[in-house]
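A.B. asks: In this note's numbering, the protein residues as written are 3 to 433.
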Amino acid sequence: MKSLVSKLEDRGLGGVEVIEKRGKCQFPSDAGLVAVSPGSQNAGWAMSPDQPCNPGMFCPYACPPGQLMAQWDPSATSYSYPASMNGGLHCDSDGGISKPFSDKPYCYSGKGNVVAVNNAGGNVAFCQTVLPGNEAMLIPTNVISSQTLAVPGTEYWAGTAAQYVLSLYPHVIFGESSNQSSKSYYINPPGVSPEDACIWGTSANPVGNWSPYVAGANTDGNGNTFVKIGWNPIYLEQATPFRNVMPTWGVKIECDGGGCNGLPCGIDPAQNHVNECVGSSSSGAGGGAFCVVTVPQGSKANIVVFGEGGSGSSGKSSPNPPSSSSTSSSTSSSSTSTSSSTSTTSHTTTSSSSSSSKDSPEDSFTYAPHIFVENANATSTTGSGTTMKPSTTNAYTSAVAEPTKSDASGYRIRVSILGSAITMAILAINL
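1) Looking only at DSSP bridge pairs, what is residue 302 linked to?
2) Can you say whether residue 92 is buried or exposed, counting buried as having 16 or more other CB atoms within 10 angstroms of its CB?
3) What would DSSP say about residue 211, mapped onto helix, strand or coil?
4) Identify every run of the beta strand (DSSP E) within the stretch 264 to 300, keeping only runs that are complete inside it and at least 3 residues long; order them along the chain.
5) Taking 8 Å as the threshold (C-beta atoms), are residue 119 and residue 151 in contact?
6) Residues in the same chain with beta-carbon distance under 7 Å from residue 283, minus the five sequence neighbours each way, listed in chain order, please.
7) Quick check on the DSSP output: what are the complete beta strand (DSSP E) runs of length 3 or more inside the stretch 24 to 79, in order along the chain?
8) May I ask you to report which of helix, strand or coil DSSP gives residue 159?
9) Below 6 Å CB to CB, which residues in the same chain sit around residue 55 once its five sequence neighbours on both sides are set aside?
10) In this structure, does DSSP put residue 196 in helix, strand or coil?
11) In whole angstroms, what separates the C-alpha of residue 97 from that of residue 59?
12) Closer than 8 Å by C-beta to residue 109: which residues in its own chain qualify, once you throw out the five before and the five after it? Chain order, please.
13) Got a sec? Which residues, its chain only, sit under 8 Å from residue 238 by beta carbon, not counting five neighbours each side?
14) For residue 79, count neighbouring C-beta atoms within 10 Å of its own C-beta (all shown protein chains included) and say buried if the count is 16 or more, exposed if not.
15) To the nearest angstrom, how far is it from the Cα of residue 140 to the Cα of residue 210?
16) Apart from the five residues just before and just after residue 225, which ones in its own chain have a Cβ nearer than 7 Å to its Cβ?
17) Do you know how far the Cα of residue 271 is from the Cα of residue 310?
18) Measuring alpha carbon to alpha carbon, tell me which of 41, 76, 304 ends up nearest residue 105.
19) So is residue 147 buried or exposed if we call it buried at 16+ other beta carbons inside 10 Å?
20) Using C-beta distances below 6 Å, list every residue in its chain close to residue 307, excluding the 5 sequence neighbours before and after it, in chain order.
21) Rounded to whole angstroms, what's the CA-CA distance from residue 259 to residue 205? Just pull it up for me.
22) From what residue to what residue does the beta strand (DSSP E) around residue 127 run?
23) Between which two residues does the beta strand (DSSP E) holding residue 240 run?
24) Let me know the secondary structure DSSP gives residue 82 once reduced to three states.
25) Who are the near neighbours of residue 196 in its chain, counting only those whose CB is closer than 6 Å to its CB and skipping five residues on each side?
26) Rounded C-beta distance between residue 234 and residue 216? I'm assuming under 8 Å.
27) Tell me whether residue 153 counts as near the ligand FMN, meaning its Cβ is closer than 7 Å to at least one heavy atom of that ligand.
28) For residue 53, I'd like the list of residues in its chain whose CB is within less than 7 Å of its CB, leaving aside the five on either flank, ordered along the chain.
29) Can you grab the Cα-Cα spacing for the pair residue 201 / residue 138, in whole Å?
30) On the DSSP letters alone, give me the boundaries of the beta strand (DSSP E) that residue 202 sits inside.
31) In terms of residues, what are the limits of the beta strand (DSSP E) holding residue 227?
32) Measuring CA to CA, which of 242, 219, 241 is closest to residue 231?
33) Taking 8 Å as the threshold (C-beta atoms), are residue 242 and residue 212 in contact?
34) Got a sec, what are the start and stop residues for the beta strand (DSSP E) residue 153 sits in?
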């Protein structure tokens, strides 16, 4: 079997940096990366604990908070399985690790304009999904007071953006590009450690894959950042024992710098029931309600977690929190441990809309959750005038949205002009 270096050289993509061999597919512990469950079979890689990194595989890794993975399979240029699994470094046939893009670092800083703020006390674990990778919520961001989240732009892999899970709303695309998606984060209940939160988990507790809330963010080519929070569709499933239990903590989006559209946007236990949001909301994957705030270039958004009685109704700007962003170190790494293996859940994607307020986002958004659906002929329409149209990749069908014209006045003008032209043509014939 040829190594990745040989394969890329055959394609004219030489210049791949081969990292010094440390053992069979060994995680680079001195590269400033975050080791995920280093004592399990994944041995530090951002993979399921029972999944080792083997020769011939791309093995994703976790970057420090606020940073994004800069390495992936160069041939994986779109969101399609199995190429979407090929993030990180390549383990060659001899067990050595190759860096696909030798001119790029392991990690780079995201947009830096979305900050997680903990007003609930203790800690709050934001768990980022791994993409490209297995999309499990394995990458930890532990928020004590505030922490910058990793928000990608159009330069990220296949145009995808970072998502953190308050729970699960992965890969929501906002803005102009139908090829761009949002990085997702599961937001876990206050007081749950990253070791217990950033795992697949089970339905025994509302953490991990069963946490109640999710968040996502991405920046489009115009510099607008779209920040979303909503309900985890897994939390709402019939089989989930606590599906009707309203959490005692909430989450909201606040804007620093002004100019944001879509406020108020949040989930407040003092005002809402299960699967409800403060302000205008829509229904996404699995029927989960969510709301979106558009943040203009130069402004910032805070995703604020608050305890019972913390009031999530405010959409006013708040003082800048002492945000912090990490940079990669060449001498140390941190770690988090997980104990569960990853499973795959399929959902049929639908979307609807409630009545919007004057503060609703003016920019159109495209909802593309990349959750496989069975009916290849099914379509649905979102409340923003976006038609859901499945696109087939290999044996799978991924829900992809295409923007539609929402301003009916333009059509009325064109129809009026066309009608006048037809009338004039008829008169000319009669003459």
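Backbone N, C-alpha and C define an ideal beta-carbon position, used for all residues, glycine too.
C.D. replies: Let me lay it out:
1) For this step, residue 302 is matched to residue 300 along the sequence shown. Partner(s): 258.
2) Residue numbering aside, residue 92 sits at position 90 when the sequence shown is read from its first letter. It is buried - the Cβ of residue 92 has at least 16 other Cβ atoms within 10 Å.
3) Numbered from 1 along the sequence shown, position 209 holds the residue referred to as residue 211. Helix, per DSSP.
4) 291 to 297
5) Stepping through the sequence shown from its first residue, residue 151 is reached at position 149. Stepping through the sequence shown from its first residue, residue 119 is reached at position 117. Cβ distance not < 8 Å, so residue 151 and residue 119 don't count as in contact.
6) Locating residue 283 in the sequence shown gives position 281, where the first residue counts as 1. Closer than 7 Å at Cβ, skipping near neighbours: 291, 292, 293, 356.
7) 36 to 38, 69 to 71
8) In the sequence shown, the residue the question calls residue 159 occupies position 157. Looking at residue 159 - three-state DSSP - the assignment turns out to be helix.
9) Residue numbering aside, residue 55 sits at position 53 when the sequence shown is read from its first letter. Taken in chain order, the residues that qualify are 27, 47, 61, 93.
10) In the sequence shown, the residue the question calls residue 196 occupies position 194. Residue 196 falls in the helix class under three-state DSSP.
11) To locate residue 97, count along the sequence shown from 1; it is residue 95. To locate residue 59, count along the sequence shown from 1; it is residue 57. For residue 97 and residue 59, the distance between alpha carbons rounds to 10 Å.
12) Taking the first residue of the sequence shown as 1, we reach residue 109 at position 107. Once the five neighbours on either side are set aside, the close Cβ partners of residue 109 are 34, 35, 65, 66, 69, 70, 71, 72, 330.
13) Looking up residue 238 in the sequence shown gives position 236. If we look at residue 238 and ignore the five residues flanking it on each side, its Cβ neighbours are 245, 276, 277, 288, 289, 290.
14) To locate residue 79, count along the sequence shown from 1; it is residue 77. Its Cβ having fewer than 16 others within 10 Å, residue 79 is exposed.
15) Position 138 of the sequence shown, counting from 1, holds the residue named residue 140. Position 208 of the sequence shown, counting from 1, holds the residue named residue 210. Cα to Cα, residue 140 sits roughly 9 Å from residue 210.
16) Taking the first residue of the sequence shown as position 1, residue 225 is located at position 223. The answer, listed in chain order, is 299.
17) For the purposes of this step, residue 310 is taken as the residue at position 308 of the sequence shown. For the purposes of this step, residue 271 is taken as the residue at position 269 of the sequence shown. Answer to the nearest angstrom: the Cα atoms are 7 Å apart.
18) The residue given as residue 105 occupies position 103 in the sequence shown. Minimum Cα distance to residue 105 is reached at 76.
19) If you number the sequence shown from 1, residue 147 lands on position 145. Residue 147 should be labelled exposed.
20) Within the sequence shown, numbered from 1, the residue matching residue 307 stands at position 305. Correct list, in chain order: 120, 122, 126, 253.
21) Translated into the one-based positions of the sequence shown, residue 259 becomes position 257. Translated into the one-based positions of the sequence shown, residue 205 becomes position 203. Each residue's Cα considered, the two are about 40 Å apart.
22) The residue given as residue 127 occupies position 125 in the sequence shown. Per DSSP, residue 127 belongs to the beta strand (DSSP E) from 126 to 130.
23) As a position in the sequence shown, residue 240 is number 238, starting the count at 1. Segment: none, residue 240 is in no beta strand (DSSP E) and carries neither H nor E.
24) Within the sequence shown, the letter at position 80 stands for residue 82. Coil at residue 82, not helix or strand.
25) Translated into positions along the sequence shown, residue 196 becomes position 194. Excluding sequence neighbours, residue 196 sits near 127, 142, 144, 338.
26) Numbered from its first residue, the sequence shown carries residue 234 at position 232. Numbered from its first residue, the sequence shown carries residue 216 at position 214. Yes, they are in contact, since the Cβ atoms of residue 234 and residue 216 sit about 5 Å apart, within 8 Å.
27) In terms of ligand content, the structure shown is empty, and the ligand FMN therefore cannot be addressed.
28) Counting from 1 along the sequence shown, the entry for residue 53 is found at position 51. So the list reads 43, 44, once near-sequence residues are dropped.
29) Position 199 of the sequence shown, counting from 1, holds the residue named residue 201. Position 136 of the sequence shown, counting from 1, holds the residue named residue 138. In a straight line, the C-alpha of residue 201 is about 8 Å away from that of residue 138.
30) Within the sequence shown, the letter at position 200 stands for residue 202. Run containing residue 202: none; DSSP gives neither H nor E here.
31) Translated into the one-based positions of the sequence shown, residue 227 becomes position 225. Element bounds for residue 227: 227 to 233.
32) Position 229 of the sequence shown, counted from the first residue, corresponds to residue 231. Comparing Cα-Cα distances from residue 231 to each of 242, 219, 241, the minimum goes to 219.
33) Locating residue 212 in the sequence shown gives position 210, counting from the first residue. Locating residue 242 in the sequence shown gives position 240, counting from the first residue. In contact: residue 212 and residue 242 (Cβ atoms closer than 8 Å).
34) Within the sequence shown, the letter at position 151 stands for residue 153. Element bounds for residue 153: n/a, residue is neither H nor E.
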